[in-house]
Amino acid sequence: MKLVHRDRKQGSALIVALLTAIILAMALGSYLLYTNTQTLLVRRAQQWNAALTLSEAGIEEALAHVNNQAPFLDYADATNRLATDGWAQITPNQFRGPARYLGDGFYVVTITLTWPTIQIDSIGYARAIGGSKGIQGILLGILGQQFDNSGYIKRQVRVMARVDPLFATALAGRQKVDLNGNNVFTDAFDSSDPRYSENGRYPGRNSNKILPRGTVATSGEFTNSIVNVGNAEVMGRVLTGPLGIIMIGPQGSVGDVDWVRSGQKGIKPGWAANDMNVIFPEVSSPPAAIWIPKAKNNQRVDGVLYDYVFNTSGDYIIPGGGNIYVGTNAQVRLLVVGDFKMSGNDDRITIAPSNASLKLFMMGSVFKLSGLGVVNQSGFATNFMYFGLPSNKSVDISGNAELVGLIYAPNADIFLRGGGNNVIDVIGSIVGNSVTMNGHFAFHYDVTLQNVAGARGFIPFSWQEVQ
Numbered sequence: 011m012k013l014v015h016r017d018r019k020q021g022s023a024l025i026v027a028l029l030t031a032i033i034l035a036m037a038l039g040s041y042l043l044y045t046n047t048q049t050l051l052v053r054r055a056q057q058w059n060a061a062l063t064l065s066e067a068g069i070e071e072a073l074a075h076v077n078n079q080a081p082f083l084d085y086a087d088a089t090n091r092l093a094t095d096g097w098a099q100i101t102p103n104q105f106r107g108p109a110r111y112l113g114d115g116f117y118v119v120t121i122t123l124t125w126p127t128i129q130i131d132s133i134g135y136a137r138a139i140g141g142s143k144g145i146q147g148i149l150l151g152i153l154g155q156q157f158d159n160s161g162y163i164k165r166q167v168r169v170m171a172r173v174d175p176l177f178a179t180a181l182a183g184r185q186k187v188d189l190n191g192n193n194v195f196t197d198a199f200d201s202s203d204p205r206y207s208e209n210g211r212y213p214g215r216n217s218n219k220i221l222p223r224g225t226v227a228t229s230g231e232f233t234n235s236i237v238n239v240g241n242a243e244v245m246g247r248v249l250t251g252p253l254g255i256i257m258i259g260p261q262g263s264v265g266d267v268d269w270v271r272s273g274q275k276g277i278k279p280g281w282a283a284n285d286m287n288v289i290f291p292e293v294s295s296p297p298a299a300i301w302i303p304k305a306k307n308n309q310r311v312d313g314v315l316y317d318y319v320f321n322t323s324g325d326y327i328i329p330g331g332g333n334i335y336v337g338t339n340a341q342v343r344l345l346v347v348g349d350f351k352m353s354g355n356d357d358r359i360t361i362a363p364s365n366a367s368l369k370l371f372m373m374g375s376v377f378k379l380s381g382l383g384v385v386n387q388s389g390f391a392t393n394f395m396y397f398g399l400p401s402n403k404s405v406d407i408s409g410n411a412e413l414v415g416l417i418y419a420p421n422a423d424i425f426l427r428g429g430g431n432n433v434i435d436v437i438g439s440i441v442g443n444s445v446t447m448n449g450h451f452a453f454h455y456d457v458t459l460q461n462v463a464g465a466r467g468f469i470p471f472s473w474q475e476v477q
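As structure tokens, this is what we get:
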């Protein structure tokens with residue numbers, strides 16, 4: 011029997027064609043998958059970045075919310091008013107803002123009070139567009155990104171912020187500080203810490219509780235700002251702006267407590283710097299105040315005749331100078347619209363020792379007070395605060411009594427005169443366009459003023475992505 015061999019060339023060609031088609035289809039499918047994956051990754055990267063942008067927007071809103079009273083922020087009052095403008099208090103120390111929608115995303119932000127700092131947590135949500143959640147989840151997992159089951163990519167940022175105090179140094183001038191006197195020295199204590207005070211008061215020059223924080227500074231606003239130490243003793247640092255000038259006399263001493271007490275002259279290495287970069291904002295009168303005109307009542311208190319006696323808390327306005335007495339349990343804000351000039355030997359501003367305070371807003375050009383000066387019987391600087399408005403160009407205080415208080419007049423040239431043969435204690439902090447001390451002065455800075463005497467606002471000091 012004769013076998014017939016069939017030709018298999020046509021079958022082989024068909025197999026080759028099928029295999030080629032399969033390979034091409036796989037290659038094309040792989041390319042399409044690769045292209046789709048790359049597109050998805052690019053879009054995910056854009057959404058990932060968008061989530062961070064939304065988080066940052068939440069941080070900005072939170073800072074604006076807590077700083078809505080800046081640049082003269084009473085931060086205790088500010089943090090008591092956080093549950094406003096749509097914000098809700100969710101715990102005693104935590105506040106949450108309303109969700110803010112921007113395009114296809116939104117953010118949620120909270121403020122947590124961790125006094126003396128605040129913690130801001132902001133979560134930005136960017137809508138995950140395109141692809142199934144399963145594929146997105148796998149891809150985002152590979153990238154280390156978070157995918158929310160609701161269809162959003164989220165990123166959380168945490169910022170810690172601290173107060174930027176108005177009174178951060180003993181003496182500060184925008185253009186000049188001149189310690190032009192005899193027996194002038196600066197040091198510091200902490201009225202809130204018994205380790206560095208005596209019952210909240212200055213512990214004495216020779217005490218082991220003294221702190222080297224009696225810093226003298228000029229801002230970085232002006233070229234060639236000057237700190238003239240002269241022959242003063244500064245237990246603290248000397249700071250100027252980048253182009254500032256520091257001058258010191260042959261008997262001058264700047265450094266820590268041991269350096270100054272041991273009789274070292276000059277500036278201790280590391281205790282002077284030219285990196286001061288602070289802007290002192292101008293003062294405006296409190297916007298919510300309804301000023302009540304105050305007439306002179308010529309009343310005697312403890313045998314002293316006063317032009318103005320305040321025994322009731324409130325916001326008052328007077329045209330100019332006069333002896334002033336603020337009584338027990340009276341918290342007074344006083345606007346002076348004209349010049350304040352008192353030159354008699356018995357002239358004074360007296361603040362009662364118990365729960366009395368005076369915040370004086372000076373609109374007039376000149377504030378001049380001699381005699382007994384400011385008699386703050388409480389002994390705490392925050393009970394007398396002087397704010398010079400832009401029209402206030404000169405502050406001149408002389409007398410032979412202790413001055414306890416805070417002076418903030420960034421447009422005024424401030425002069426402290428007097429002392430005679432005695433060393434006058436000044437407890438508090440002073441900020442002016444220039445500050446000049448003529449006479450015998452011992453300046454004691456209370457470091458707790460940084461936390462209780464007002465601030466320019468809260469400023470961030472750390473940034474961290476936590477999710």
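Counting from 1, position 271 in the sequence shown corresponds to residue 281 in the working numbering; the numbering is continuous, with no gaps.
All C-beta atoms, glycine included, are put in the ideal place defined by N, C-alpha and C.
Assignment of Asn-421 by DSSP, reduced to helix, strand and coil, places it in the strand class.
Arg-184 sits buried, since 16 or more C-beta atoms from the chains shown fall within 10 Å of its C-beta.
One thing to note: Tyr-135 has its Cβ within 7 Å of the Cβ of Phe-116. The closest CA to that of Ala-305, considering only Ser-201, Val-244, Tyr-316, is found on Tyr-316. By the criterion of at least three beta-carbon pairs nearer than 8 Å, the stretch 452-470 is in contact with the stretch 197-212.
Secondary structure note for Trp-473: its beta strand (DSSP E) is the uninterrupted segment 465-475. When beta bridges are read from the DSSP output, Gln-99 appears opposite Phe-105.
When DSSP states are grouped into helix, strand and coil, Leu-28 belongs to the helix group. For Leu-459, the enclosing alpha helix (DSSP H) begins and ends at 459-462. Between the stretch 386-395 and the stretch 366-373 there are three or more C-beta pairs closer than 8 Å, enough to call the two in contact.
Ala-93 and Gln-274 have their C-alpha atoms some 54 Å from each other. Between Gly-191 and Asn-386, the C-beta gap is not smaller than 7 Å, which leaves the two residues out of contact. In this model, Arg-211 and Tyr-455 are separated by some 11 Å (Cα to Cα). Within the stretch 349-383, the runs of beta strand (DSSP E) that reach at least 3 residues and sit entirely inside it are, in chain order, 350-352, 358-361, 367-372, 376-379. Between the stretch 158-174 and the stretch 222-242 there are fewer than three inter-stretch CB-CB distances shorter than 8 Å, so the stretches are not counted as touching. Within the same chain, Gly-331, Leu-379 come within 6 Å of Met-352 by CB-CB distance, once the 5 residues on both sides are set aside. Counting along the chain, Val-270 sits inside the alpha helix (DSSP H) bounded by residues 267-271.
Counting of Cβ neighbours within 10 angstroms places Val-342 among the buried residues, the total reaching 16 or more. In the structure shown, Thr-225 adopts coil according to DSSP, grouped into three states. The beta carbon of Trp-269 is closer than 6 Å to those of Lys-278 in its chain, skipping five residues each way along the sequence.
When DSSP states are grouped into helix, strand and coil, Tyr-206 belongs to the helix group. The stretch 67-77 and the stretch 116-131 touch, with three or more beta-carbon pairs separated by less than 8 Å. In the structure shown, Asn-59 adopts helical secondary structure according to DSSP, grouped into three states. When C-alpha distances from Thr-446 are compared across Ala-182, Arg-110, Ala-178, Arg-91, the shortest belongs to Ala-182.
Contact between Ala-299 and Arg-247 is absent: CB atoms are separated by about 37 Å, not below the 8 Å threshold.
According to the DSSP assignment, Asn-77 belongs to no beta strand (DSSP E), since it is labelled neither H nor E. Per DSSP, reduced to three states, the secondary structure at Arg-54 is helical. About 29 Å separates the Cβ atoms of Pro-470 and Asn-443, ruling out a contact at the 8 Å cut-off.
For Ser-217, there are no CB contacts under 7 Å within the same chain when 5 residues up- and downstream are skipped. Going by beta carbons, Pro-363 and Ser-388 fall inside the 7 Å limit. Note: Asn-448 is bridge-paired with Arg-427 in the DSSP secondary-structure output. Taking C-alpha positions only, Ile-236 is separated from Met-245 by approximately 18 Å.
Gln-129: member of the beta strand (DSSP E) spanning 127-137, first to last residue. According to DSSP, Tyr-396 shares a beta bridge with Leu-370, Ile-417.
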